[in-house]
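Numbering (our numbering), first residue to last: 41 to 385.
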Amino acid sequence: MRFLYFNAPLCSGSGLFTRKFSKTKIRVRQPDNQTNKKTMTTESNVQNLRGKIAIVTGSNAGIGQATASSLLQKGCHIIMACRSQQRATEAMELIKTEYTKNVKSEEPMPTIEFMALDLASLESARNFVNELEQKQIKIDYLINNAGAFFKTHDVTKDGFEQFFHINYLSHFLLTHLILEKNLLTDDARIISLSSGSHKWAKPGTFSDEWMKTSGEKKGGIWQLYGISKLCMILLTRKLQKDFTEKGSKRVAISVDPGFVKSELGKSQANAVLKYIIHGIEFLFAKNADEGASTTVHCVVTPIEKLKPGMHYIDSKEAPVTDIAKDSNLGEELHKVSLQMCGLNQ
Ligand SMILES: NC(=O)c1ccc[n+]([C@@H]2O[C@H](COP(=O)([O-])OP(=O)(O)OC[C@H]3O[C@@H](n4cnc5c(N)ncnc54)[C@H](OP(=O)(O)O)[C@@H]3O)[C@@H](O)[C@H]2O)c1
């Protein structure tokens, strides 16, 4: 096996300050006072996504919640794939309230439901897909949104470096099993949240063994976050390559939401840091609705107008690093990921 390793410096591109330190006690995004202005839901686009089904991971807070809210307002059925039923239920109530406030339609509100998914556990991802299979539905939009930021090194109970596992590996497994069980529509879209921090991940040596044992000892936390976000781009490009080779109409896209005011990493910050972060967010960050806009764009844009396999920022195709475009690296990551998930190649 070829060894891969990524190295990222201590700061990254968009969203760096929030993700480095933050997390407040309130996990549920409150409706923004400017929601009407930002979401721009109108009678004319309400029906656009009627009959469509989206899974949004990590939709009980931040960008994921705003994404779920926006898609529901466009008529889409939403599956909130979250680790906490309580937080998801609280967010769901807010999403429904926003729908009622913003949408004037004779049609009933589309349904929105919770399904348990803890991305820190491969077993949870497997259980999620088994439960999904029993519903006998096909998913139109798989939105791999959830992400976490930690200030210390650690491994998950499955033994993987935690950034890699939560932000990438469980999304890899989720996507792989959903495809394997044919739970996507023929023209489904898979949208995976990456970050400007992918730019700071550089090649070197890396292996499944390294990821299992060395995450806690090697690499700064920004390095580890950057690796996980680079992996989301490599995953997207590999998925698209496979779709294209098979003549499938399905599309995979990676998205950088920009620097967005959210809960990412906030629980890790002390009071002083939170104060500083909130100040920086106040000055520079997008709100959650704006942060969700590129994901929503990639859902609602006619499929023939999307650039399959590409990376999007501000609703436009954007460049990625040469490493992120390295298809051999993508293949190696795919192989390593299959091994880590105990899947046959
Ligand atoms: N905010 C930015 O500036 C920025 C910039 C670039 C990229 N991004 C990316 O955008 C995505 C959304 O981030 P955000 O800013 O909206 O962060 P956020 O407000 O912290 O929301 C993250 C979501 O992920 C969920 N999550 C975390 N760990 C999980 C786990 N083990 N299992 C299942 N769900 C889990 C959280 O659920 P809990 O409430 O249960 O923790 C929450 O719903 C992430 O992938 C992030 O990397 C954000």
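Think of the CB as a built atom: it goes at the ideal place given N, C-alpha and C, for glycine as much as any other residue.
Secondary-structure assignment with DSSP links residue 120 through a beta bridge to 96 and 154. At a Cβ-Cβ threshold of 7 Å, residue 335 and residue 231 count as neighbours. Here residue 177 is exposed, its C-beta having fewer than 16 other C-beta atoms within 10 Å. Taking C-beta atoms as the reference points, residue 234 and residue 329 fail to come closer than 7 Å. DSSP, reduced to helix, strand and coil, places residue 192 outside both helices and strands of the structure shown, so it counts as coil. A distance criterion of 6 Å places the beta-carbon of residue 277 beyond contact range of ligand 1, judged by its closest non-hydrogen atom. Counting other Cβ atoms within 10 Å of its Cβ, residue 148 stays below 16 and is therefore classed as exposed. Closer than 6 Å to some heavy atom of ligand 1: that does not describe the Cβ of residue 128. Within the same chain, 196, 197, 198 and 210 come within 8 Å of residue 161 by CB-CB distance, once the 5 residues on both sides are set aside. Taking 6 Å as the cut-off, one finds at least one heavy atom of ligand 1 near enough to the beta carbon of residue 299. In this structure, residue 302 has its beta carbon less than 6 Å from a heavy atom of ligand 1. Residue 232 has 184 and 294 as its beta-bridge partners, per DSSP. Burial check for residue 265: the Cβ neighbour count within 10 Å reaches 16 or more, so the residue is buried.
Counting along the chain, the unbroken beta strand (DSSP E) around residue 353 starts and ends at 351–353. Assignment of residue 269 by DSSP, reduced to helix, strand and coil, places it in the helix class.
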